[in-house]
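Let me begin by presenting the structure, written as structure tokens, before commenting on it.
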Amino acid sequence: MPKDGIGASTVRREDVRFLTGKGRYTADINLRHQTYAVFCRSDIAHGRINSIDTAAAMAMPGVLAIMTGADFAAMGGNPAGWHIPSRDGSAMREPKRPVLAHGKVRHVGDAYAIVVAETLEQARDAAAAVNADITELEAIVDMAAAVANPGHRVHDEIDGNLAFDWGWIEDNRAAVDAAFAAAPHVTTLELTNNRLAPNAMETRASIGDYDPGTGDYKLYTTSQNPHLSRLLIAAFVMGIPENKLTVVAPDVGGGFGSKIYHYGEEAAVLAASKALERPVKWVADRSEAFLSDAHGRDHVTKIQLALDKQGNFLALRTETLANVGAYLSNFSTATPTFLHGTLMAGPYRTPLVYVNVKAVFTNTAPVDAYRGAGRPEATYSIERVIDKAAHELGLDPLAIRRQNFIQPDQYPYTTPVGLVYDTGNYNATLDKMIELADIAGFEKRAAASKAKGKLRGIGYSTWIEACGIAPSNLVGVLGARVGLYDAATVRVNATGNISVMTGAHSHGQGHETVFPQIVADMLGVPASSVDIVHGDTSKIPFGMGSYGSRSLAVCGTAITKAVDKIIAKGKKIAAHMLEAAEGDIEFKDGKFSVAGTDKAKAFGEIAFSAYVPHNYPLETLEPGLEETAFYDPANFTYPAGAYACEVEVDPDTGKVTVESFTCADDFGNVINPLIVQGQVHGGVAQGIGQALLENVAYDAQGQLLSGSYMDYTMPRADDLPFYTVDHSCNTPCTHNPLGVKGCGEAGAIGSPPAVINAVVNALQRGGHKAVTHIEMPATPARVWAAMNA
Amino acid sequence: MDLSDSRDIKASPAHVWAAILDPDVLKACVPGCESMTGSVADGFEAVVVQKVGPVSARFTGVVQLSDIVEGQSLRISGEGKGGPAGFAKGGANVTLEPIEGGTRLTYDVKANVGGKIAQLGSRIIDGFAKKMADEFFTRFQDAVEGPDSEEEIAEETTEKKKGWFKRMIGA
Numbered sequence: 013m014p015k016d017g018i019g020a021s022t023v024r025r026e027d028v029r030f031l032t033g034k035g036r037y038t039a040d041i042n043l044r045h046q047t048y049a050v051f052c053r054s055d056i057a058h059g060r061i062n063s064i065d066t067a068a069a070m071a072m073p074g075v076l077a078i079m080t081g082a083d084f085a086a087m088g089g090n091p092a093g094w095h096i097p098s099r100d101g102s103a104m105r106e107p108k109r110p111v112l113a114h115g116k117v118r119h120v121g122d123a124y125a126i127v128v129a130e131t132l133e134q135a136r137d138a139a140a141a142v143n144a145d146i147t148e149l150e151a152i153v154d155m156a157a158a159v160a161n162p163g164h165r166v167h168d169e170i171d172g173n174l175a176f177d178w179g180w181i182e183d184n185r186a187a188v189d190a191a192f193a194a195a196p197h198v199t200t201l202e203l204t205n206n207r208l209a210p211n212a213m214e215t216r217a218s219i220g221d222y223d224p225g226t227g228d229y230k231l232y233t234t235s236q237n238p239h240l241s242r243l244l245i246a247a248f249v250m251g252i253p254e255n256k257l258t259v260v261a262p263d264v265g266g267g268f269g270s271k272i273y274h275y276g277e278e279a280a281v282l283a284a285s286k287a288l289e290r291p292v293k294w295v296a297d298r299s300e301a302f303l304s305d306a307h308g309r310d311h312v313t314k315i316q317l318a319l320d321k322q323g324n325f326l327a328l329r330t331e332t333l334a335n336v337g338a339y340l341s342n343f344s345t346a347t348p349t350f351l352h353g354t355l356m357a358g359p360y361r362t363p364l365v366y367v368n369v370k371a372v373f374t375n376t377a378p379v380d381a382y383r384g385a386g387r388p389e390a391t392y393s394i395e396r397v398i399d400k401a402a403h404e405l406g407l408d409p410l411a412i413r414r415q416n417f418i419q420p421d422q423y424p425y426t427t428p429v430g431l432v433y434d435t436g437n438y439n440a441t442l443d444k445m446i447e448l449a450d451i452a453g454f455e456k457r458a459a460a461s462k463a464k465g466k467l468r469g470i471g472y473s474t475w476i477e478a479c480g481i482a483p484s485n486l487v488g489v490l491g492a493r494v495g496l497y498d499a500a501t502v503r504v505n506a507t508g509n510i511s512v513m514t515g516a517h518s519h520g521q522g523h524e525t526v527f528p529q530i531v532a533d534m535l536g537v538p539a540s541s542v543d544i545v546h547g548d549t550s551k552i553p554f555g556m557g558s559y560g561s562r563s564l565a566v567c568g569t570a571i572t573k574a575v576d577k578i579i580a581k582g583k584k585i586a587a588h589m590l591e592a593a594e595g596d597i598e599f600k601d602g603k604f605s606v607a608g609t610d611k612a613k614a615f616g617e618i619a620f621s622a623y624v625p626h627n628y629p630l631e632t633l634e635p636g637l638e639e640t641a642f643y644d645p646a647n648f649t650y651p652a653g654a655y656a657c658e659v660e661v662d663p664d665t666g667k668v669t670v671e672s673f674t675c676a677d678d679f680g681n682v683i684n685p686l687i688v689q690g691q692v693h694g695g696v697a698q699g700i701g702q703a704l705l706e707n708v709a710y711d712a713q714g715q716l717l718s719g720s721y722m723d724y725t726m727p728r729a730d731d732l733p734f735y736t737v738d739h740s741c742n743t744p745c746t747h748n749p750l751g752v753k754g755c756g757e758a759g760a761i762g763s764p765p766a767v768i769n770a771v772v773n774a775l776q777r778g779g780h781k782a783v784t785h786i787e788m789p790a791t792p793a794r795v796w797a798a799m800n801a
Numbered sequence: 010m011d012l013s014d015s016r017d018i019k020a021s022p023a024h025v026w027a028a029i030l031d032p033d034v035l036k037a038c039v040p041g042c043e044s045m046t047g048s049v050a051d052g053f054e055a056v057v058v059q060k061v062g063p064v065s066a067r068f069t070g071v072v073q074l075s076d077i078v079e080g081q082s083l084r085i086s087g088e089g090k091g092g093p094a095g096f097a098k099g100g101a102n103v104t105l106e107p108i109e110g111g112t113r114l115t116y117d118v119k120a121n122v123g124g125k126i127a128q129l130g131s132r133i134i135d136g137f138a139k140k141m142a143d144e145f146f147t148r149f150q151d152a153v154e155g156p157d158s159e160e161e162i163a164e165e166t167t168e169k170k171k172g173w174f175k176r177m178i179g180a
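The structure is reproduced here in structure tokens:
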């Protein structure tokens with residue numbers, strides 16, 4: 013293994029430019045004759061647009077164009093990527109999502125006009141002068157009320173405000189209900205998975221650049237998947253032929269899911285650029301981000317677990333209201349269903365599971381995938397109800413988990429909710445966590461906390477998730493309207509250095525460091541001679557981008573497939589150069605050699621020959637050394653792990669501090685341990701944020717109350733402990749050649765229930781026996797109220 | 010948000026009632042009010058300039074008086090639009106009752122804000138609203154009873170000790 017190949021903790025090469033201010037983000041790009049766009053956004057949650065008077069604004073200095081929803085009415089809607097039918101077989105109700113609001117505004121922040129001017133200040137002033145006459149309608153904010161008041165509609169054509177009422181698996185429902193009816197013990201828990209704002213460090217930004225000379229459109233935008241955005245804009249929304257549209261996602265400062273989706277602003281700046289024949293630039297401010305980025309989570313769930321008296325799980329069922337907001341964002345229908353319902357078996361042998369999810373329209377910002385996407389909601393429900401059941405039955409929370417684990421000899425394991433886990437060893441990660449977290453020493457630490465007047469608690473979560481999204485065959489059956497393969501092109505240049513064009517997009521993941529490690533390892537070249545090219549549809553093959561912890565498992569595998577083809581081609585060239593049979597050529601340590609001889613050619617010689625082919629047999633050997641591979645995974649990957657969280661609660665104030673957090677994860681083979689560690693740290697920080705601090709709040713009128721960092725609490729360094737992270741217990745994935753599983757979302761999936769279990773444990777140990785649940789975020793006010801109820 | 014409080018004003022209910030219905034008094038009492046025109050029957054139009062946290066805006070709005078029980082109670086409702094800053098709307102139920110030495114004015118306000126000012130969050134908005142209400146009723150009290158509030162109404166003897174509203178209406 014080269015020192016910078018697979019398994020090396022190489023530092024991230026991209027950090028040099030990020031940390032020295034040399035990154036190039038969309039906002040850093042300025043084009044000749046550029047103009048500036050500002051969007052007019054609704055300040056009410058629900059209203060009928062009577063008219064929009066733009067005359068006064070158009071007359072203001074520097075104003076070049078104002079377009080409203082009416083100007084885009086003939087364009088297509090921005091579609092949902094998955095069709096989810098209801099239990100009764102009826103089709104998903106899928107209202108058109110226009111580029112700009114037309115007819116009605118449906119949430120605070122819903123954009124109804126774009127104003128373009130010579131300067132940003134002129135555009136802002138003119139946007140303030142656009143006079144929209146909007147009749148306010150009663151806002152539909154609460155999900156239960158939205159479902160209960162059928163006449164009261166977010167979309168006039170959708171009675172009952174439901175996109176779908178989904179049962180998984182509907183055929184199992186009767187058997188699950190029968191198991192509950194006969195069960196010796198049933199634990200019931202009602203909980204809310206709080207709505208989160210994604211808060212990427214870089215806000216969304218887009219520049220539309222139409223070239224009147226060629227008729228080509230170019231969009232610079234903050235996207236996690238430029239090809240997917242291009243496909244949505246070209247084929248669904250604007251009808252631009254794909255060959256006339258280039259989408260470039262340059263450096264992108266975080267996404268967490270919120271930049272997967274195509275947003276109306278992207279189509280609007282393209283259309284405005286065409287109308288003006290000048291580039292049109294828009295950069296969201298932080299308020300716009302809070303109002304208009306797709307939010308995450310927002311489930312209200314009733315979960316029930318049926319057990320025997322010994323704590324063996326017999327059946328599990330849930331009823332969930334999932335908020336989709338005002339419109340169906342691209343992944344919004346998959347997130348609460350096939351990224352959530354299919355995970356409800358967890359790492360356990362629960363034989364019977366039934367999940368019901370109703371997706372509810374409300375007058376709030378659209379809700380879609382956010383780091384973890386459906387799997388945190390599933391994990392939180394399962395891991396919380398297990399703790400409650402253990403408490404009710406007087407069982408140890410670790411023992412009850414262990415006794416229900418799927419065992420190492422049961423793989424491949426078919427769950428009752430449609431997945432086949434290929435591999436795992438949950439006892440191993442649990443044992444490792446028990447060791448690293450020093451569970452045995454907890455009582456001593458609790459006594460020390462007590463001496464300080466604090467209540468100490470410990471909470472666990474043994475999580476699993478399905479990622480490496482996704483096997484196209486399976487998701488096609490489940491309702492996906494796209495395939496979820498990825499692609500890579502490996503171009504060996506004449507002098508032997510290598511450019512790798514990837515469908516995956518790096519917006520914090522570290523692809524520019526990790527992918528070269530794989531190529532270096534396979535070809536025996538230094539990683540420094542390999543560069544990654546991503547984000548520009550005119551340069552990269554058609555891949556589906558980065559989300560769902562897929563980059564390494566799916567695109568990384570495509571890279572290995574392309575490198576395999578490079579090696580195969582290299583063998584042909586070597587056979588020609590060495591005058592040997594192709595079958596006799598071996599490739600090892602960067603050399604092509606004739607088996608059993610000392611005749612060999614270095615990789616660089618082969619590359620040079622490929623581009624200077626003066627004596628090639630042209631009928632059988634093409635010049636060049638460049639290969640593309642598309643890889644479609646055969647299954648999801650199933651990383652899993654065991655987390656322990658210790659908290660201290662201040663009984664006087666209810667303030668919770670996280671004292672320690674221990675993660676023992678199984679990510680299969682690890683390419684770069686340093687980056688994996690960083691991914692887990694980031695995910696756990698977001699999970700602790702969800703559990704203790706973050707919450708998107710709307711008032712009854714649909715006004716966003718948490719619209720700035722005054723009221724939306726992001727985790728800060730002093731809210732977080734030093735983590736203990738381990739990934740030594742690994743069971744390699746069986747269906748990709750690298751043996752890797754996804755790690756990007758794990759921390760955000762596994763951590764929230766560990767934190768809340770710890771808080772509840774602290775209170776129960778502190779004598780507050782009646783406390784069985786605390787909603788997230790467990791703010792001091794909530795914890796204090798629970799202690800003083 | 011909800012705000013309710015009461016003030017004891019050293020003036021008779023009739024004087025307080027007349028002051029509430031007088032646009033000039035309201036203009037003088039609403040903090041940041043640039044203009045106030047109209048009548049009880051038709052409602053008032055007002056322009057108010059205010060700074061809420063970091064957001065400065067000129068609100069233009071209409072104020073309606075309703076549920077009038079002469080001399081005893083009424084409802085003041087209104088809506089102001091501040092352009093890009095957002096909007097505020099709400100209503101106040103105001104009741105007057107005679108007490109020894111004057112009038113007790115009780116108000117119960119329900120108000121909503123939207124747009125940019127709503128996103129400032131409840132700490133700023135609630136604090137701002139409470140400050141506005143306090144300032145309004147302090148000014149109103151001063152206007153009705155004059156600066157020498159420690160004096161008993163019955164003992165007021167000279168013109169200059171009366172509040173400007175009293176001087177104006179010749180009470």
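Residue numbers (the working numbering), protein chains in the order written: chain A, 13 to 801; chain B, 10 to 180. Beta carbons are placed, not taken as given, at the ideal position from N, Cα and C, and that holds for glycine. Computed from a predicted structure; not experimentally measured.
From the DSSP output, in three-state form, read off residue i for me.
i: residue 567 (chain A); result: helix
i: residue 325 (chain A); result: strand
i: residue 235 (chain A); result: coil
i: residue 484 (chain A); result: helix
i: residue 83 (chain A); result: helix
i: residue 215 (chain A); result: coil
My guess is that residue i and residue j are in contact by the Cβ rule of under 8 Å, so how many angstroms apart are they, rounded?
i: residue 128 (chain A); j: residue 355 (chain A); result: Going by Cβ atoms, the distance from residue 128 (chain A) to residue 355 (chain A) rounds to 45 Å, so no, they are not a contact pair.
i: residue 558 (chain A); j: residue 588 (chain A); result: The pair is not a contact, with the Cβ atoms about 39 Å apart (cut-off 8 Å).
i: residue 126 (chain A); j: residue 72 (chain A); result: Not really, about 15 Å apart at Cβ, beyond 8 Å.
i: residue 661 (chain A); j: residue 464 (chain A); result: Residue 661 (chain A) to residue 464 (chain A), Cβ: 12 Å. No contact.
Can you name the start and end residues of the beta strand (DSSP E) that residue i belongs to?
i: residue 178 (chain A); result: 174–180
i: residue 799 (chain A); result: That residue, residue 799 (chain A), is in no beta strand (DSSP E); its alpha helix (DSSP H) goes 792–799.
i: residue 672 (chain A); result: 668–678
i: residue 294 (chain A); result: 292–295
i: residue 102 (chain B); result: 96–108
Hey, quick one: how far does the alpha helix (DSSP H) through residue i stretch, first residue to last?
i: residue 442 (chain A); result: 438–448
i: residue 802 (chain A); result: Residue 802 (chain A) is absent from the model: chain A starts at 13 and stops at 801.
Return the CA-CA distance between residue i and residue j, expressed in angstroms with no decimal places.
i: residue 132 (chain A); j: residue 292 (chain A); result: 11 Å
i: residue 218 (chain A); j: residue 237 (chain A); result: 14 Å
i: residue 785 (chain A); j: residue 758 (chain A); result: 23 Å
i: residue 498 (chain A); j: residue 523 (chain A); result: 14 Å
i: residue 500 (chain A); j: residue 514 (chain A); result: 4 Å
i: residue 96 (chain B); j: residue 12 (chain B); result: 18 Å
i: residue 719 (chain A); j: residue 303 (chain A); result: 7 Å
i: residue 519 (chain A); j: residue 779 (chain A); result: 46 Å
i: residue 474 (chain A); j: residue 180 (chain A); result: 23 Å
Which chain A residues sit within Cβ distance under 7 Å of residue i?
i: residue 146 (chain B); result: Those within 7 Å of residue 146 (chain B) in chain A number zero; the least Cβ separation is about 25 Å.
Closer than 9 Å by beta-carbon distance: list the chain B residues that pair up with residue i, in chain order.
i: residue 719 (chain A); result: 125, 127, 128, 129, 130
i: residue 120 (chain A); result: 123, 124, 127, 128
Could you name the residues of chain B that residue i contacts, counting a contact when the two beta carbons are closer than 8 Å?
i: residue 302 (chain A); result: 128
Just to make sure I have the definition right: I need the residues of chain A whose C-beta is within less than 8 Å of the C-beta of residue i. Which are they?
i: residue 121 (chain B); result: 711, 713, 715
Starting from residue i, find everything on chain E with Cβ-Cβ shorter than 8 Å and list it in chain order.
i: residue 722 (chain A); result: In the structure shown, chain E does not exist; the protein chains are A and B.
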